[in-house]
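Asker: Please read through the structure below; I'll follow up with questions.
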Amino acid sequence: MTRTILLAVVIAAAGAGIYYYATQPEPTPAEQLKSAAQDASDAVSEAASSITDQANEAASSLADQASEAADQATEAATDLANQAGEEVAALANQGQELLNSWIEEGALSLENFDYDAMVASVQESDLAQDLQAKAIQILDDIKASPETITAKIQELRDLLSGQ
């Protein structure tokens, strides 16, 4: 008998539930708008969160790329500076070698001044154009005023040795 009562209670509860849902009134247009607005608000919130996440990822990616580009630019600048320093040192050595060859050959001394040979060697050298022009001007000054050879030799040494 307890089973029968229990079965009757279950059937009555199921019937009451069906009756409750069947008699539930349809939502009013205001309730439907409120529900739609809530759903839209949730969708906008999720979209905004997704956009924010994507923007953060993009910003992080851009920052990483900018940092990498800066590192590469720094490395390139360092390489160029080292290369330029080596080239300047090489040119200074060329000037010193040119001066030494004039002294060894006796082309530049108080007793002997071989203007033509020295001008030719300057023009044929790998010295920068401005250094060549200055060296030739000093040689022109010596040729024009041989009494200034001592001072002008020192100018040539300073110019060609990079001092």
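Residues 14 to 176 in the numbering used here are what the sequence shown spells out, letter by letter. Just so it is clear, CB atoms sit at the ideal spot from N, CA and C, and this is done for glycine as well.
Apart from the five residues on each side of it in sequence, which residues of its chain come closer than 7 angstroms, Cβ to Cβ, to Gly119?
Answerer: Taken in chain order, the residues that qualify are Asn125.
Asker: Which of helix, strand or coil does DSSP assign to Leu172?
Answerer: Of the three classes helix, strand and coil, the one that applies to Leu172 here is helix, per DSSP.
Asker: Near Val135, what residues of its chain come up, given a Cβ to Cβ distance below 6 angstroms and the 5 sequence neighbours on each side ignored?
Answerer: Excluding sequence neighbours, Val135 sits near Gln145, Ala148 and Ile149.
Asker: When you compare only the Cα positions, how much space is there between Leu111 and Leu173?
Answerer: Between Leu111 and Leu173, the C-alpha separation is close to 8 angstroms.
Asker: Tell me whether Gly108 is buried or exposed, calling it buried when 16 or more other Cβ atoms sit within 10 Å of its Cβ.
Answerer: Buried is the call here.
Asker: Can you tell which of Leu152, Asp139, Thr36 and Pro42 has its C-alpha closest to the C-alpha of Arg170?
Answerer: Nearest C-alpha to Arg170: Leu152.
Asker: Under three-state DSSP, which class holds Leu121?
Answerer: Three-state result, Leu121: strand.
Asker: According to the neighbour-count rule (16 or more other Cβ atoms, all chains shown, within 10 Å of its Cβ), is Leu1 buried or exposed?
Answerer: This structure gives no information on residue 1, because the portion of the chain shown stretches from 14 to 176.
Asker: By Cβ distance below 7 angstroms, which residues in the same chain neighbour Ile166 in space, the five residues on each side in sequence not counted?
Answerer: Here the set comprises Leu121.
Asker: Round the Cβ separation of Ile155 and Leu123 to the nearest angstrom and send it over; I've been treating them as touching at under 8 angstroms.
Answerer: That pair is no contact at about 11 angstroms.
Asker: Below 8 angstroms CB to CB, which residues in the same chain sit around Asp66 once its five sequence neighbours on both sides are set aside?
Answerer: Result list for Asp66: empty, nothing under 8 angstroms.
Asker: Alpha carbon to alpha carbon, what distance is there between Glu59 and Asp52?
Answerer: Roughly 11 angstroms between the two C-alpha positions.
Asker: Please classify Met131 as buried or exposed, where buried requires at least 16 neighbouring CB atoms within 10 angstroms.
Answerer: It is buried - the Cβ of Met131 has at least 16 other Cβ atoms within 10 Å.
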